[in-house]
Amino acid sequence: MDQKQLEMIFGKYFAWMAKPGTWVISFMEGTQNLFLLEGAEKALLIDTGYAIGNLRAFVEKLTQKPILVVNTHFHPDHSGGNGEWEEVMVSEDYAYDAPSVLTTMGDLNALPYPDYRKILLKDGDEIDLGERIIKVYKARNAHCRSHLYFLDTRERIFFMGDEMDSWQVLLYENSKDPELEKIEDLDQILRNYRSNLELAKSLNPEYDWLVGNHNGFLFDKSYIDDFLGMIDGVYSGETTICERLDHPYIDHDPRASELCRIRYRKASAFVRKHLLEKIYGKGTGRN
Ligand SMILES: [Zn+2]
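Reminder that position 69 of the sequence shown reads as 68 in numbering that gives the first Met the number 0, one-by-one numbering, no gaps.
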């Protein structure tokens with residue numbers, strides 16, 4: 000694919016202001032969202048898309064403030080464009096998912112800072128934008144090992160990245176590390192995801208908006224209960240299993256035949272079929 004085609008498909012952005020100083024930057028026909036949060040002194044870009052090379056110029060038209068950059072997690076559609084900046088804040092566990100970023104759509108080495116500096120974030124860190132504090136929460140390994148959640152304390156927005164989605168959350172090993180694929184443990188992934196959802200639920204009084212990065216923008220908080228119900232329903236045998244993935248991209252993934260979709264009320268996820276068979280309908284899944 001030449002640069003023009005890459006820009007047409009993966010780098011055609013549009014943006015809107017959702018709250019004062021809070022921009023949603025959308026691309027790939029609205030299936031991917033980035034966010035730009037302005038404080039009194041600095042702005043924060045959450046995620047960088049694919050390595051197309053045209054994001055920085057777009058974002059710099061939206062704000063005059065110096066831009067900090069952070070990743071929700073280290074996947075090719077969230078971290079690919081990091082090399083447009085000199086430094087990016089990432090999870091201290093980013094390296095587990097680093098092989099996946101090598102599969103991004105653009106050319107990582109064609110970006111101006113392919114060896115950009117990584118500032119490691121851990122649970123409990125805060126990003127101060129000036130009269131706007133963003134709290135950092137480390138998610139346990141569910142969608143991936145490098146996932147962070149962010150709480151915007153001023154605008155009362157909670158960012159759950161790829162772990163909140165209207166269409167499906169991907170709950171299988173996606174680091175592209177063959178060694179990690181060998182030890183994939185769906186039981187543990189679901190327990191971890193439950194703990195992440197319980198964290199989101201416990202923060203309920205501190206946010207009004209629940210936000211994800213892909214399909215959907217604002218989520219009603221009842222999605223959290225539906226995803227919790229989906230996990231319980233795996234162990235009780237009440238969650239629906241669908242053979243058809245019904246997904247325009249993952250249907251073409253070489254691993255598609257190994258996956259299935261699970262559903263419970265508004266919640267849906269993709270998991271590996273053979274791992275689901277080991278735990279489906281077999282107990283509570285609670286210690
Ligand atoms: Zn992801």
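Built from N, CA and C at the ideal position, the CB exists for glycine as well.
Taken through DSSP and simplified to helix, strand or coil, I51 comes out as coil.
When only Cα atoms are considered, M159 and R139 end up about 12 Å apart.
In this structure, H142 has its CB closer than 7 Å to one or more heavy atoms of ligand 1. For H72, the Cβ falls inside the 7 Å cut-off from some heavy atom of ligand 1.
Contact check for Y171 against L101 fails: the beta carbons are separated by 8 Å or more. Within the same chain, and ignoring the five residues on either side of G129 in sequence, the residues whose Cβ sits closer than 7 Å to its Cβ are G38, A39, E40 and K41.
Beta-bridge pairing by DSSP links V68 to L44. The DSSP-derived three-state label of M229 is helix. Between ligand 1 and the CB of H273, the shortest heavy atom gap is not smaller than 7 Å. In the three-state reduction of the DSSP assignment, Y93 falls in the helix class. Taking H213 as the centre and dropping the five residues before and after it, the same chain places the C-beta of T30, Q31, N32, D161, D164 and W166 closer than 8 Å to its C-beta, in chain order.
For E125, the enclosing beta strand (DSSP E) has its first and last residue at E125 to D127.
Per DSSP, the unbroken beta strand (DSSP E) holding M16 starts and ends at F13 to K18. Distances from the alpha-carbon of Y263 to those of F34, G232 and W84 put G232 closest.
Our two residues, N195 and K60, have alpha carbons roughly 35 Å apart in a direct line. Of the residues L120, L5, L67 and V168, the one whose Cα lies closest to the Cα of S90 is L120. For D124 and R155, the gap between their C-alpha atoms comes out near 17 Å. In this structure, the beta-carbon distance from Y192 to F157 does not fall below 8 Å. CA-to-CA, the gap between E183 and K175 works out to about 12 Å.
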